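Quick note: the sequence shown uses my numbering, first residue 1057, plus one each step.
Where is the CB? At the ideal position from N, CA and C, for every residue including glycine.
Nothing here was measured: the structure is a model prediction, and the numbers come from that model.
Notes follow once the structure below has been shown.
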Amino acid sequence: MSGALVDRTIIVSGAGGGIGSATVDQCLTEGANVVAFDLASLGLAELKKRAGQRLIVVEADVTSSVDWERVRDESLAKFGTLDGLVNNAGIEGSMSPLVEYPEQIFDQVLAVNVKGVFLGVKIVAPAMTGTNKSIVNVSSVAGLAGASGLGAYVASKHAVIGLTKTAAIELAGDGVRCNAVCPAPIRTRMMDSLIDSMKSDERDAAAIEGLIADSIPLGRIGDASEVAALMVFLLSDAASFISGAAVPVDGAMKAR
Ligand SMILES: NC(=O)c1ccc[n+]([C@@H]2O[C@H](COP(=O)([O-])OP(=O)(O)OC[C@H]3O[C@@H](n4cnc5c(N)ncnc54)[C@H](O)[C@@H]3O)[C@@H](O)[C@H]2O)c1
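What follows is the structure, encoded as structure tokens:
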């Protein structure tokens, strides 16, 4: 694709992370103005070094409506338009069976992964301008089926798809499309952390990576750029009749 997002202003949450930073890069390559936001982090500091004419970087928390209003206002003040939103920020929570799952961590996962998406849609959608308004929410293959040990994460990613479908119906009259992407395991900090929590005396990180790759028919873990490419497509005019979808980007993992 080339120039698919020229003159569009796209907000990306969780922009300092693996999939977020790949999405920021591809949106910039396609000509968009990008509003990248995240909690204070190393990733955000890296992005700040690149801020300029078409990229602003904001420190903000997706669980705070006040922060979302600030992100929306700074986007409009800098670029004057608001065409796209990528609700990408997310946390994995703990790896533990439901009957042992820490209540406080359950609340945190739902706050970031579900309330964060809800607030983004609620606060940004009414401020969107332009002729191809598009929201992309990051769900997961964990939004399509259960996964042992990841109860809060699985619940949150199913909820993201529910919010996506509802937003697609409610916002259609305003010309806003809303879709979800459902990645399989992708090589980022989050996946490293999940692999870490699965390690045992019998299985080191390499063995676990091998098992994960074997669960994916294409035989490998995905790359953040492959998720970003799907998001750019869903943000672009090329996807003008696609709304309310939950699109796997998973090497056929969920085709089984
Ligand atoms: N990596 C995978 O295997 C995988 C697979 C499917 C879905 N996902 C989803 O992709 C998205 C991005 O994950 P990633 O793999 O790039 O992980 P990551 O940890 O590299 O990135 C997540 C980013 O979200 C940010 N974040 C967390 N809480 C936040 C908050 N309250 N406010 C603002 N930002 C916040 C983090 O600081 C981080 O930069 C997540 O929603 C994740 O659930 C990841």
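Check whether the Cβ of residue 1219 lies closer than 7 Å to any heavy atom of ligand 1, and answer yes or no.
-> Checking the Cβ of residue 1219 against ligand 1 gives no.
Just checking my contact of residue 1066 with residue 1227 at CB under 8 Å: how many whole Å lie between their CB atoms?
-> The beta carbons of residue 1066 and residue 1227 sit about 16 Å from each other, so the pair does not count as a contact at 8 Å.
Compute the distance between the beta-carbons of residue 1307 and residue 1240, then report whether it is under 8 Å.
-> Contact annotation: residue 1307 and residue 1240 have beta-carbon atoms nearer than 8 Å.
Near ligand 1: residue 1271 beta-carbon under 7 Å from a heavy atom = No, ligand 1 has no heavy atom inside 7 Å of this Cβ.
Residue closest to residue 1271, alpha-carbon to alpha-carbon, out of 1255, 1309, 1260 and 1263 = Selected option, being the one with the closest Cα: 1309.
Is the segment 1142-1159 touching the segment 1200-1213 in the sense that three or more CB pairs, one from each, lie closer than 8 Å?
-> A contact exists between the segment 1200-1213 and the segment 1142-1159.
Would you mind sorting residue 1062 into buried or exposed? The rule is 16 or more other CB atoms within 10 Å of its CB.
-> With fewer than 16 Cβ atoms within 10 Å of its Cβ, residue 1062 is classed as exposed.
How would you call residue 1070, buried or exposed, if buried means at least 16 neighbouring beta carbons within 10 angstroms?
-> It counts as buried.
Cut-off 8 Å between Cβ atoms - residues of its own chain near residue 1225, not counting five sequence neighbours on either side = Excluding residues within five positions, the ones whose Cβ falls inside 8 Å are 1300.
Looking only at DSSP bridge pairs, what is residue 1071 linked to?
-> Per DSSP, none; premise fails for residue 1071.
If you measure from the CB of residue 1207, is any heavy atom of ligand 1 nearer than 7 Å?
-> Not one heavy atom of ligand 1 falls within 7 Å of the beta-carbon of residue 1207.
Buried or exposed: residue 1255, going by 16 or more other Cβ atoms within 10 Å of its Cβ?
-> When all chains shown are included, residue 1255 counts as exposed.
Can you give the Cα-Cα distance for residue 1263 and residue 1253, rounded to whole angstroms?
-> Taking the straight line joining both Cα atoms gives about 13 Å.
Where residue 1062 falls: helix, strand or coil (DSSP) | Looking at residue 1062 - three-state DSSP - the assignment turns out to be coil, as it is neither helix nor strand.
Taking the CB atoms as reference points, tell me whether residue 1230 and residue 1188 lie closer together than 8 Å.
-> No. Outside cutoff.
Would you say residue 1000 touches ligand 1, meaning its beta carbon is less than 7 Å from a heavy atom?
-> Here the chain has residues from 1057 to 1312 only, and residue 1000 is not among them.
If you draw a straight line from the alpha carbon of residue 1220 to that of residue 1298, how long is it in whole angstroms?
-> Cα-Cα distance, rounded: 12 Å.
Does ligand 1 have even one heavy atom less than 7 Å from the beta-carbon of residue 1097?
-> Result yes, Cβ under 7 Å from ligand 1.
Alpha carbon to alpha carbon, what distance is there between residue 1193 and residue 1135?
-> Put simply, the backbone Cα of residue 1135 is about 22 Å away from that of residue 1193.
State yes or no: is the C-beta of residue 1084 within less than 8 Å of the C-beta of residue 1148?
-> Contact flag unset, no.
Can you tell me which of 1267, 1222, 1175 and 1110 puts its alpha carbon nearest to the alpha carbon of residue 1116?
-> Measuring from the Cα of residue 1116, the nearest candidate turns out to be 1175.
Selected residue, minimal CA-CA separation from residue 1104, among 1281, 1128 and 1072 = Distances from the alpha-carbon of residue 1104 to those of 1281, 1128 and 1072 put 1072 closest.
Could you check the C-alpha separation between residue 1108 and residue 1265 for me, to the nearest Å?
-> Rounded to whole angstroms, residue 1108 to residue 1265 spans 38 Å at the Cα level.
Rounded separation between residue 1124 and residue 1163 - CA only | Taking the straight line joining both Cα atoms gives about 20 Å.
Just to check, is the beta-carbon of residue 1247 closer than 7 Å to a non-hydrogen atom of ligand 1?
-> Yes, ligand 1 has a heavy atom inside 7 Å of this Cβ.
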